[in-house]
Amino acid sequence: MAIALVTGGSRGIGRATAQLLAQEGYTVAVNYHHNAQAAGDVVADIVAQGGKAFAVQADISDEKQVEALFSRIDQAAEPLTALVNNAGILFPQCRLENLSAERINQVLTTNVTGYFLCCREAVKRMSHQGGGQGGAIVNVSSAASRTGSPGEYVDYAASKGAVDTLTTGLSLEVAACGIRVNCVRPGFIYTDMHASGGEPGRVDRVSPAIPMQRGGQPEEVAHAIAWLLSEKASYVTGSFLDLAGGR
Ligand code: NAP
4 MAIALVTGGS RGIGRATAQL LAQEGYTVAV NYHHNAQAAG DVVADIVAQG GKAFAVQADI
64 SDEKQVEALF SRIDQAAEPL TALVNNAGIL FPQCRLENLS AERINQVLTT NVTGYFLCCR
124 EAVKRMSHQG GGQGGAIVNV SSAASRTGSP GEYVDYAASK GAVDTLTTGL SLEVAACGIR
184 VNCVRPGFIY TDMHASGGEP GRVDRVSPAI PMQRGGQPEE VAHAIAWLLS EKASYVTGSF
244 LDLAGGR
């Protein structure tokens, strides 16, 4: 069939998405940064269920590593037709007056520059104008782009605001090139990410304030991503799907 690249495919939402896309017939390129064991486990799970996948290490904030990631994909027999820009980071909760330039830049280079670089390389390969067969991109933003995450991580929320704008601009730029670009905005999803923010139990704490009274599961986000990538969403581009239990 074709290759789907899932950045940050080794854990959380990326992992669930990689597994679902493999079930749908894609060969999945499972990108990861540090945790080779976790990425290897995802690949092994997919292969055990009869699917196809391979792991590729790359820090998406580093231009050379992104180029190497896509070169590795070029070596595979199938074309790249799907990109899930999912890898993202945040740091411990704090107020804006305590943010350092170093932290802000780290968040922006991964969550924004990394998404831009992966879009750039994917568009080069997918675009009809460049000889590609078209494709679809899903950017994983966050409900934080709407709420701003006050008192927690405004830097992270702002990075997701940039992802929303990237989605709008790129979707229009490549609409006539055979490439659809859409965005999902998860709310509070049960993954390891909240531990990075210093509060592993964050989803349970906020659940009573979520209209649906619960956090979400990574698989619930993965299904939305898979639909946006699929032919069932063939007339959908520049759209945003909020997966936040009504929040
Ligand atoms: P997670 O469990 O913390 O997993 C993060 C993944 O990203 C890991 O696979 C990690 O790889 C990878 N990664 C981090 N930095 C990277 C880099 N520089 N280069 C390549 N890979 C990198 O995160 P998650 O909760 O599943 O979040 C996935 C996406 O959903 C993020 O964009 C996040 O902002 C968004 N989101 C999450 C929630 C939520 O409640 N969880 C809500 C809204 C939006 P290693 O393990 O190898 O480091």
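Quick note on this note's numbering: the sequence shown kicks off at 4 and runs consecutively.
Idealized CB from N, CA, C, for every residue including glycine.
Item: Three Cβ pairs or more, each shorter than 8 Å: is that satisfied between the segment 95 to 102 and the segment 153 to 167?; Value: yes
Item: Between Ala58 and the ligand NAP, is there a pair consisting of the residue's CB and a ligand heavy atom that are separated by less than 6 Å?; Value: no
Item: Looking at C-alpha atoms only, which residue of Ala80, Thr168, Ala146, Arg149 is the closest neighbour of Thr116?; Value: Thr168
Item: Is the segment 117 to 128 close to the segment 226 to 236, with three or more CB pairs under 8 Å?; Value: no
Item: The ligand NAP and Asn101: does the residue's C-beta get closer than 6 Å to at least one heavy atom of that ligand?; Value: no
Item: Can you tell me whether Gly190 is buried or exposed? The criterion is at least 16 other CB atoms within 10 Å of its CB, across all chains shown.; Value: buried
Item: Does the distance from the CB of Val50 to the CB of Asn34 come in under 7 Å?; Value: no
Item: Could you spell out where the beta strand (DSSP E) holding Pro189 opens and where it closes?; Value: 182 to 189
Item: Tell me whether Ala90 counts as near the ligand NAP, meaning its Cβ is closer than 6 Å to at least one heavy atom of that ligand.; Value: yes
Item: On the premise that Ser144 lies in contact with Arg188, defined as a C-beta separation below 8 Å, what is that separation, rounded to the nearest angstrom?; Value: 5 Å
Item: Tyr35 bridges to which residues according to DSSP?; Value: Gln60
Item: Is the segment 66 to 81 touching the segment 101 to 115, taking contact as three or more C-beta pairs under 8 Å?; Value: no
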